[in-house]
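S.K.: Residue numbers (my numbering): 2 to 183.
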Amino acid sequence: MDEYLGLSPDHPQSYHYFMHKHLFDHVNFRPENINILNGLAEDVEAECAQYEAKIKSYGGIQLFMGGLGPEGHIAFNEAGSTRDSITRKVSLVQSTIAANSRFFENDESKVPKFALSVGISTVLDNSAEVAIIVLGKNKQKALSETIRHPVDSAFPSTYLQTHGNVLIVADFEAVESFQSKL
């Protein structure tokens, strides 16, 4: 789905490493069925194009599962990401760098400033189902905006409203502000 630019697959903060440590090393996935963007690709545009082509060659994504950023980002689709965006190199915004510094010894200077990310179109046009996991009190506003705000590139998760099969799973802290409205 996404990967920091400049981090090797064995770097402890790469998404490649994370996915292997927490999922792939514990289940029986065939290696050829694991597809993670290469943060060390020499030709970033070719890497992104190949990723898009691979998704299409498989007939799409059966289930896209991701999280929701505090400011409404899905993968690394930050504010301003357009509906037609595809897998590409993205610049990380300061709030994402600050939030992710917790994985880099709380040192923002160690957080990569660029990443490769699937685009909004990649997710919405190629996924049979989209599941978004929302955890924590700090995601209340993002969840509310995702559901209630008109579709707007300033809040990329609002694009989920245009997909016909989205499941949002949230913990009690994330939905606490909804209680009086249910």
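For each residue, glycine too, the CB sits at the ideal point set by N, CA and C.
Give the secondary structure of M20 by DSSP, where H, G and I count as helix, E and B as strand, and everything else as coil.
M.R.: Reduced to three states, the DSSP call for M20 is helix.
S.K.: Quick check on this structure: which residue in T147, K140, H150 and L161 has the alpha carbon closest to the alpha carbon of E177?
M.R.: The shortest Cα separation from E177 among T147, K140, H150 and L161 belongs to K140.
S.K.: Taking V124 as the reference, which of L144, L24 and H74 has the closest Cα?
M.R.: Answer by Cα proximity: H74.
S.K.: If I follow the unbroken beta strand (DSSP E) through S145, where does it start and stop?
M.R.: Unbroken run through S145 is the alpha helix (DSSP H), Q141 to R149; no beta strand (DSSP E).
S.K.: If we require 4 or more residues per run, which alpha helix (DSSP H) segments fall completely within the segment 62-121?
M.R.: Whole alpha helix (DSSP H) segments, 4+ residues: 95-101.
S.K.: Taking the continuous beta strand (DSSP E) assigned at I134, which residues delimit it?
M.R.: Looking at the DSSP string, the run of the beta strand (DSSP E) that includes I134 is S128 to V135.
S.K.: Whole angstroms are fine: how far does the CA of A99 sit from the CA of N166?
M.R.: One C-alpha to the other measures close to 32 Å.
S.K.: Three-state secondary structure (DSSP) at V167?
M.R.: In the structure shown, V167 sits in a strand (DSSP, three-state: E or B).
S.K.: Under the rule that 16 or more other beta-carbon atoms within 10 Å means buried, what is R149, buried or exposed?
M.R.: That one is exposed.
S.K.: Less than 8 Å between the CB atoms is what I'm expecting for S96 and P157, so what's the real figure, rounded?
M.R.: The pair is not a contact, with the Cβ atoms about 13 Å apart (cut-off 8 Å).
S.K.: Less than 8 Å separating the beta-carbons of V45 and T88?
M.R.: Contact flag unset, no.
S.K.: What does a CB cutoff of less than 6 Å around A143 pick up in its chain, not counting 5 residues either side in sequence?
M.R.: Excluding residues within five positions, the ones whose Cβ falls inside 6 Å are L69, P71 and G73.
S.K.: One question on the structure: do A175 and L117 come within less than 8 Å of each other, judged by their Cβ atoms?
M.R.: No; because the gap between Cβ atoms is not below 8 Å, this pair is not in contact.
S.K.: Given a threshold of 16 other Cβ atoms within 10 Å of its Cβ, counted over all protein chains shown, does N127 qualify as buried or as exposed?
M.R.: The residue is buried, with at least 16 neighbouring Cβ atoms inside 10 Å.
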